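Protein chains in written order, with my numbering: chain G, 3 to 201; chain W, 58 to 668. Idealized CB from N, CA, C, for every residue including glycine. Computed from a predicted model, the values in this text were never measured in an experiment. Here is the structure we will look at.
As structure tokens, this is what we get:
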């Protein structure tokens, strides 16, 4: 299976991670890639962790196990850190630096790791990384939730994915309601413009 | 109407397994669809619901799985081609009619979708419903990809119509919730309705009829077994003396676990897509060519036992390897687990670097939403009863009340068990408060309530009426007054139903009204017999998305003192936060329910713009 790639996406319920997953998978289909994608529903919308997968290049199983991910797309900083064991050696990681504190943290019983610590640990486990604030980019685009598209845009533009942002642009236009599409396209561009070099 | 799933033949779309099932049913010309929602099956009926305006089929959310199956079986007797959908535990509820309708047969055709949940992603058990196919005498299809979800649904419905035998379409969470490309076939007109011919000697299973029908059903299965031998879903490939038989999603794991580099592995693979009745002749031919057979099946060791028995019966020198080592009856399989079982057989060694160990990080358990009235009801009950009472819980969002500090769940079995199990529990000198949601109450709480009245049980039942089926995605139920798509629903009044069951002590209270909730619970605590408190407040997500409810205020902490801190600890709303010693309410998360303001003098209301 040449060009095979396992992409692991992680975020928090309510963030729109599953919409981003579907956009990504549809973009892969548009490019004629073989794709299978997976997600778990149910308890997730109650603020729990949302993990999903997109596997390109001929896989049949929709799951990714620890040590198997070639790319992690992390939509929340704590969940990105939690997903580090999923990374294969030399994997790519495109992650948000923004936290959504879980209840135990907002109640002061537990502490969040420092964002620099999160970045360092991801950097150590992955071969190639890109960090960005999807909240900020989303806000600039017109809605915090559109930050997911900024992350996808950045991942495409920086060569983490086997297609460029223009494919995603087409998919966003085709599948999102017009008002959402406009904001998400702006976010996609803002993400793609992230010029900070990948480390 | 225009919908992706009504597209033309030849179109290719990325579909969720559950959406592909819908398309498959449409391509078979399904006439009637009924269901009770439940993860991982819910997107099937929810998609049908959106397509109902196409006029191609009749659709209903039934009140429970038994009713859903009976309605569909009735429709199938009446000549309609039917699909019934539910999660695996729902089949237990529907088992009574199921095990008899396979005797009588259903001329219109009926397929039961059983969406199993190995790994208990969102269920109270991980039962393997392939056993039901064998138990009831139903042919069974097990798709492993989105395309197969479509194709097998069509094939299952066609088989059900042709044979009259009810058919099981058995999926697992991974299959329901995977996405893959699906090429559409032609979309025919709905299937013709088969005329009903009165035949009490077949359709009224009094003992003499039942005995004859048991034989008729077995003979029908025998004919279907011949079809299973020829089924395009049962494929044999490869060569060599090592054999693998795989069913369901394990087929996908096997595909990905076979070595992708180096020489083509010498294995014979039996892809078992139509898994019941077993194609024994094909299987025999397969087993005559191998010396070792690896059986890949999640859940119970059914194929393993069947192939072992076949080897024994035919005196075949085949060593059957199934459960053991990395392959357990528990949870799900995975590519690495399958590889661990497979590679040593092929003489290959795995070179896998152990992944980094998971770090101890703050957890993120699912939680009741900010503004959820369940929290308010649990808080009031804890305040009045504390640990004096035992809390009998039920299936729904409110099961999440088990978490501290609310701790509003001491035991639970299944849908509707709160009232009946609570009644029994209370018989032995204990105080019981049972919590049950509106949809669950209509599902199977009513019968428990009738029983409690009839047998003079001593129980306080709190019906948490949030006007929707929240946990599974806001499907309508008989208590709903406006459904998610805006159409009018027939509204059944819970209090009238409760009183109709013979309950004389029944009161309603607003879910956010702490003073009233506590006063009523105090009163009811002093009383005996069956008491019902109906706590009414629309689900906060549902209120915002569907009822377009606005709120004009937010809570904030007025005084930084121990009283405020105590409210944070005991009410534990996810909108609360703490920075050092300072307490606060996140204005972006606060929905303005004002339960904290009522319970703690250190909180106050603040006018706030709606988001």
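Proximity test, Cβ basis, 9 Å: residue 196/G and chain W: no
Pick from 93/W, 112/W, 180/W, 86/W that is closest to residue 136/W, judged by C-alpha positions: 86/W
Exposure label - residue 485/W; buried when at least 16 CB within 10 Å: exposed
Ordered list of beta strand (DSSP E) runs contained in the region 147-219 of chain W, each at least 3 residues: 167-173
Residues bridged to residue 238/W [DSSP beta-bridge criterion]: 71/W
CB-CB length for residue 72/G against residue 8/G, believed under 8 Å: 5 Å
Closest residue to residue 58/W among 111/W, 77/W, 498/W (Cα-Cα distance): 111/W
Beta strand (DSSP E) segment containing residue 93/G, residue limits: 89-98
Option nearest residue 586/W by Cα separation, candidates 429/W, 523/W, 514/W: 514/W
Residue-level contact to chain G via CB, residue 178/W, 9 Å cutoff: yes
Sheet register partners of residue 58/G (DSSP bridge): 7/G, 37/G
Beta-carbon proximity of residue 305/W to residue 191/W, cut-off 9 Å: no
Whole-Å CB distance - residue 465/W paired with residue 439/W, under 8 Å assumed: 7 Å
Coil, strand or helix - residue 200/G by DSSP: The predicted model places residue 200/G with a pLDDT of 48, which falls under 50 and marks its position as unreliable; any figure quoted below should be read in that light. Coil.
Three-state class that DSSP yields for residue 384/W in the structure shown: strand
Whole-angstrom C-beta distance between residue 313/W and residue 347/W, which should lie under 8 Å: Contact flag wrong, Cβ pair sits at about 22 Å.
Backbone secondary structure at residue 472/W - three-state DSSP: coil
Simplified DSSP assignment, three categories, for residue 313/W: helix
Interface flag, residue 122/G vs chain W, CB-CB below 9 Å: no
Burial state of residue 333/W (16 or more Cβ within 10 Å): buried
Residues that DSSP places opposite residue 90/W in a beta bridge: 116/W, 140/W
Residue closest to residue 393/W, alpha-carbon to alpha-carbon, out of 311/W, 443/W, 500/W, 335/W: 311/W
Short-range partners of chain W found in the region 158-177 of chain G, where Cβ spacing is below 8 Å: none
Whole-angstrom C-beta distance between residue 278/W and residue 194/W, which should lie under 8 Å: 6 Å
Short CB-CB distance (under 9 Å) between residue 156/G and chain W: no
Any chain W beta carbon closer than 9 Å to residue 51/G: yes
Residues sharing a beta bridge with residue 618/W, DSSP: In the DSSP output, where bridge partners are listed per residue, residue 618/W has none listed.
Residue 608/W versus 646/W, 576/W, 636/W, residue with shortest Cα-Cα distance: 646/W
Below-9 Å beta-carbon distance, residue 31/G vs any chain W residue: yes
3-residue-minimum beta strand (DSSP E) runs that sit fully inside the region 568-647 of chain W, ordered along the chain: 587-593, 610-614, 633-636, 639-642
Cα-Cα separation between residue 172/G and residue 136/G, rounded to whole angstroms: 21 Å
Neighbouring residues, chain W, relative to residue 86/G (Cβ below 7 Å): 413
Counterpart residues of residue 226/W in DSSP-defined beta bridges: 170/W, 198/W
Nearest-angstrom beta carbon gap, residue 190/G and residue 157/G [assumed within contact, 8 Å]: Contact flag wrong, Cβ pair sits at about 11 Å.
DSSP bridge partner residues for residue 448/W (one or two, in chain order): 490/W
Residue 132/G, DSSP secondary structure in three states: strand
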